[in-house]
Structure formats: C-alpha cells, structure tokens
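Participant: Handing you this structure, nothing more for now.
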Amino acid sequence: QEELTKVPGWLIEQYKEFVNQGACFISIVSPMPGLNSDIDPKKAQAAEIAASKALSFFREHAMGNKTQWTIIGASNPVWAKKVFPQLGEEEAVEKLWDAIFDASRVRLTSDPIKEWELHNEILLKHNQLLNKYNFKHLHFKNKKGTDLVVELIKDHVWAGGGEHAANGTYFNPNIPTEETFTMPYKFGTRGKVYSTKPLNYQGKLIEDFWLEFKEGKVVDFDAKKERDTLENLLNTDEGSRYIGEIALISHDSPISNTNILFLNTLFDENASCHMALGRAYPMNVKNGMNTSLEDLIKQGYNNSMVHSDFMFGSEDMEIVGLTQDGKEVQVFSKGNFVI
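Listed below in structure tokens is the structure:
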C-alpha cells in the first residue's frame, strides 16, 4: 500500500508547469465500469487520496475557473458492452458513440456551435430566474423515500452551461450539460435522500444507496451493492460527508429521454437532479472566485479532496423553495421545472 501512495514528482511538476503557463485542459473520460470490482477499496482509496493531496493546487486552479477546462466522453468496448449488453461488441461501441454525440449536440442535421449557443441561452434563463428567487432552502420529496431539505449558502449563485474563466474567456466546462446548479450551506442539509441511478466510483458501481443528513453531515447510510466503497468515499476527509453542489434537471430532458443508463457521471448526472459529496465550486457564491479559501470556508463553503456527483431525481420529484421572506414556491412538480 505504501507504493500506491507515491505520486511521481515529474507528474506534480508537469501540472505545475501547465498551471504556470496558463494552459487549458480537455479531460477525456472513457470508463470501464466494474473494472476494479476485485480490488480492495481501501487500496484504491489510498491511491486516490495521495494523488488528490499532491495535485490539490491543480484542483483549486480548475474548480476555481482560473482557466478554461472541459470534460468529454469517448466510447470503448468494455463501457459500451456494459451500457448495451444485448449487442455485439462492435455494434455496442458504435451505438455508444452515437449516444455520446447526440447527448453532446453533435448531429449531422444541425450546426453544433449554434446548438450550444442556443442551449447556453436557455440554461442562462434558468439561472437568472432561480437567482431572482434567492431561495433560503429547497425541499425535495418523492415516493422512493427522499425527504430532504437543502439550505443554500448566503449570496449563492445558480450557474450552468457556459462560464467565464478568470481571464474573461467564455467556455463550456462539461459536454454534455443540462444542469443548473448552486452551492448548499455546508451545515444546512437535513433528512434522507435515495439514489435513483448507480454511482460509478473508483471503477465500482455503488447501487441502490441512501444517505441520511443532520446539520449537513451524512450520519447514516446504506447500499445494496458496494457499501464498503460508499463508506470509503464518505470517509475520504472531513468534507466528504457534506455536500458541495445541488443541481436541478427536469426529468423530461434530452439525456433522460434516451432511457440510457450510461454508468458514467458526466452523462447520467445530466439526466437527473443530483448533488455532489465533497468540494463546492467557488463560482457558486458571489465574489467566490476572488475570495480566499479560508474566507469561503467561514461562509459555509465545503472543502474536500473529492467532488462526487450522485443522482436522486425522479419522474415524481417535488421541489418546494422557501424564499428569504418565508414564501413557498413550487419549483418542480412531477419531476419537472414549473417556474
């Protein structure tokens, strides 16, 4: 295990040079769900923690939008067969590529650039409307058992779609994206939430899990599959038992309507309301990108080495927002935006 916690010096220096040179970053995800199913989760966790600590400067650089970055997906045979087990390998790979391109608005029938410009405008309107309401908290309920109140940080900012880097450059950090998201107050989440899609974490699929929160912290949990992996995620550091993001997505949305379970967060999170265990995004609070980490934490910002999204949205999700003056507003009804 000692070897697993060694992070090569050249790798750290490489990332430092990238940051110093003002590089932009494209991350290509091509997961192999279940690949690490036979690996001791504690060993996988040890390696991940070591890398997170060593490259913490880069994480803060990217998540603070100090430069432009984006994440995209690429098909591979293992992933494709997990998503489309009924198909032969070659056909599955091609079908997954088609699904990736379609979700990313890359189609032969239209101009992808114009599609993204229009999509970003729509997401911006959602953000502006939610920012205007300035909710104190959101209350989530569905028949699966979710009954959760998420208090939002003071001066929170809803974001989604295109963003501006510190140098003023406009960019899309996630392709695809359907979400509008903001920052919870670290100590303000209470109640119980049930997942509605598996979480692929460290190559293992955590399935049918729930979390119970008190004063923002996960105090109890369970999972039908990979409970130990979920426990390791929660025990990564002090901030991994608190949430750093809450995101709203209508059930009636393009990726959700494909009825494809991608088994990858980049895609599945855009088919469902979700939240993230761990680190928050500084841009989700006013002046956050120009505020020190120490001062952000004093405001109720959650800091962590991890940022792990999981999906809990459903076709019967009801969301009620409470305004600062005590007025209740129906935000979601039957799984979809109604404001």
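In the working numbering, the protein residues as written are 726 to 1064. Note that the Cβ used here is the ideal one computed from N, Cα and C, for glycine as well. None of the values given here were measured: they were computed from a predicted structure.
#1: Can you grab the Cα-Cα spacing for the pair S975 / C998, in whole Å?
#2: If you reduce the DSSP assignment to three classes, tell me which class D933 lands in.
#3: Which residues does DSSP list as the beta-bridge partners of A1043?
#4: How many Å lie between G798 and Y919 at the Cα?
#5: Pick from H786, A772, I968: whose alpha carbon is nearest that of M1014?
#6: Can you pull the DSSP bridge partners for D1034?
#7: Jot down the residue ranges of each uninterrupted alpha helix (DSSP H) in the stretch 837 to 867, minimum 4 residues, whole runs only, in chain order.
#8: According to DSSP, is D945 part of a helix, a strand, or is it coil?
#9: DSSP three-state label for P909, please.
#10: Take N897 and list the residues in its own chain whose beta-carbon comes closer than 8 Å to its own, dropping the five residues that flank it on each side.
#11: Answer yes if the stretch 803 to 823 comes into contact with the stretch 969 to 989, meaning at least three C-beta pairs across the two stretches below 8 Å, and no otherwise.
#12: From V831 to D933, what does the alpha carbon distance come to, in whole angstroms?
#13: Using alpha carbons as the reference points, say which of N982, D1041, S1039, H864 lies closest to E1053.
#14: Cα-Cα, which of V1063, S1039, D827, D1050 is closest to D872?
#15: What number of angstroms, rounded off, separates the C-alpha of N1027 from the C-alpha of E815?
#16: Which residue or residues does DSSP assign as beta-bridge partners of Y895?
#17: When the Cα atoms are used, what is the spatial distance from S1017 to K839?
#18: Between the stretch 996 to 1012 and the stretch 961 to 971, do at least 3 Cβ pairs fall closer than 8 Å?
#19: Does the structure place the stretch 909 to 929 close enough to the stretch 735 to 747 that three or more beta carbon pairs sit under 8 Å?
#20: Name the one or two DSSP bridge partners that Q1055 has.
#21: Can you name, in chain order, every residue of its own chain whose Cβ lies under 8 Å from the Cβ of F743, other than the five neighbours on each side?
#22: CA-CA distance, G729 and D765?
#23: Could you tell me the alpha carbon to alpha carbon distance between D836 and S829, rounded to whole angstroms?
#24: Leaving aside the five residues before and after N761 along the sequence, list all residues of the same chain whose C-beta is less than 7 Å from its C-beta, in chain order.
#25: Go ahead and label P901 buried or exposed: buried means 16 or more other beta carbons lie within 10 angstroms of its beta carbon, across all protein chains shown.
Facilitator: A quick look at the data gives this:
#1: For the purposes of this step, residue 975 is taken as the residue at position 250 of the sequence shown. For the purposes of this step, residue 998 is taken as the residue at position 273 of the sequence shown. Each residue's alpha carbon lies about 7 Å from the other.
#2: One-based indexing of the sequence shown puts residue 933 at position 208. Here D933 sits in strand by DSSP.
#3: The count along the sequence shown starts at 1 and reaches residue 1043 at position 318. Checking the displayed sequence, the identity of residue 1043 turns out to be Glu instead of Ala. Bridge partners of E1043: K866.
#4: The residue given as residue 798 occupies position 73 in the sequence shown. The residue given as residue 919 occupies position 194 in the sequence shown. Computed Cα separation, rounded: 27 Å.
#5: As a working mapping, residue 1014 is identified with position 289 in the sequence shown. Closest option to M1014, Cα to Cα, is H786.
#6: Working through the sequence shown from its first residue, we reach residue 1034 at position 309. Under the DSSP definition of a beta bridge, D1034 partners with A1001.
#7: 837 to 858
#8: In the sequence shown, the residue the question calls residue 945 occupies position 220. D945 falls in the strand class under three-state DSSP.
#9: Position 184 of the sequence shown, counted from the start, is the residue given in the question as residue 909. Three-state DSSP puts P909 in a strand.
#10: Reading the sequence shown from its first residue, position 172 is the one you call residue 897. Closer than 8 Å at Cβ, skipping near neighbours: T795, W841, N845, G886, G887, E888.
#11: yes
#12: Within the sequence shown, residue 831 is the residue found at index 106, counting from 1. Within the sequence shown, residue 933 is the residue found at index 208, counting from 1. Answer to the nearest angstrom: the Cα atoms are 32 Å apart.
#13: Stepping through the sequence shown from its first residue, residue 1053 is reached at position 328. Closest by alpha carbon: H864.
#14: To locate residue 872, count along the sequence shown from 1; it is residue 147. D872 has its Cα closest to that of S1039, out of V1063, S1039, D827, D1050.
#15: Taking the first residue of the sequence shown as 1, we reach residue 1027 at position 302. Taking the first residue of the sequence shown as 1, we reach residue 815 at position 90. Rounded to the nearest angstrom, the two C-alpha atoms are 43 Å apart.
#16: Indexing the sequence shown from 1 puts residue 895 at position 170. Per DSSP, H889.
#17: Walking along the sequence shown from the start, residue 1017 turns up at place 292. Walking along the sequence shown from the start, residue 839 turns up at place 114. S1017 and K839: Cα-Cα distance of roughly 37 Å.
#18: yes
#19: Too few Cβ pairs lie closer than 8 Å, so no.
#20: As a first step, residue 1055 must be located in the sequence shown, where it is residue number 330. Partner(s): V1045.
#21: Working through the sequence shown from its first residue, we reach residue 743 at position 18. Here the set comprises F750, F783.
#22: Along the sequence shown, one-based indexing puts residue 729 at 4. Along the sequence shown, one-based indexing puts residue 765 at 40. Just to set this straight, residue 729 is Leu in the shown sequence, not Gly. Approximately 12 Å between the Cα atoms of the pair.
#23: The residue given as residue 836 occupies position 111 in the sequence shown. The residue given as residue 829 occupies position 104 in the sequence shown. Rounded to whole angstroms, D836 to S829 spans 12 Å at the Cα level.
#24: For this step, residue 761 is matched to residue 36 along the sequence shown. Excluding positions up to five away in sequence, the list reads A769, Q927, G928, K929.
#25: Mapped onto the sequence shown, residue 901 falls at position 176. The residue is buried, with at least 16 neighbouring Cβ atoms inside 10 Å.
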